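Below is one structure, written out as structure tokens, with a few remarks after it.
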Amino acid sequence: VNSFGIRECQTDFEFISQVGAGIQYFYNDSWAFILESRYHHMSNAGLSHPNPGLNNVIFTTGVTHFF
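In this text, residue positions in the sequence shown follow the working numbering: the first is 5, and each later residue adds one.
This is how it looks when you write it as structure tokens:
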């Protein structure tokens, strides 16, 4: 088990790549609602086997205040 505590990742060296997109909807000059989606991949890039990789799609929402 590596430092992430995940048995599927068999090495101590893992790569993490991610890509995402989001929008901000301003409902006045200083407040915005945020909606994001992100694809996240983690694997050892074939440095050892097995290398099943872990994939996630993450959705986040939030509210931001601009000073």
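C-beta atoms are modelled at their ideal positions from N, C-alpha and C, and glycine is treated no differently. In this text the structure is predicted, and so the values were computed from the model without any measurement.
Neighbourhood of residue i by C-beta distance below 8 Å, restricted to the same chain and skipping five residues each side
i   : result
T20 : Contrary to the premise, residue 20 reads as Ile rather than Thr in this sequence. Here the set comprises H44, H45, M46.
Y17 : The residue asked about is misnamed: residue 17 is Phe in this sequence, not Tyr. Same-chain partners within the cutoff: N48, L51.
S34 : H69, F70, F71
Pairwise C-alpha distance: residue j and residue i
i   : j   : result
T68 : V61 : 22 Å
G24 : Y31 : 23 Å
I27 : G66 : 11 Å
R42 : P56 : 20 Å
Closest residue to residue i among the options (Cα-Cα distance)
i   : options       : result
E40 : F63, D16, F70 : F63
Q22 : L58, F37, Y29 : L58
Proximal residues to residue i (C-beta, below 7 Å), its chain only, five neighbours per side dropped
i   : result
Y29 : A36, F37
Check: Along the chain, which unbroken stretches of the beta strand (DSSP E) at least 3 residues long are found entirely within the segment 23–47?
Finding: 35–47
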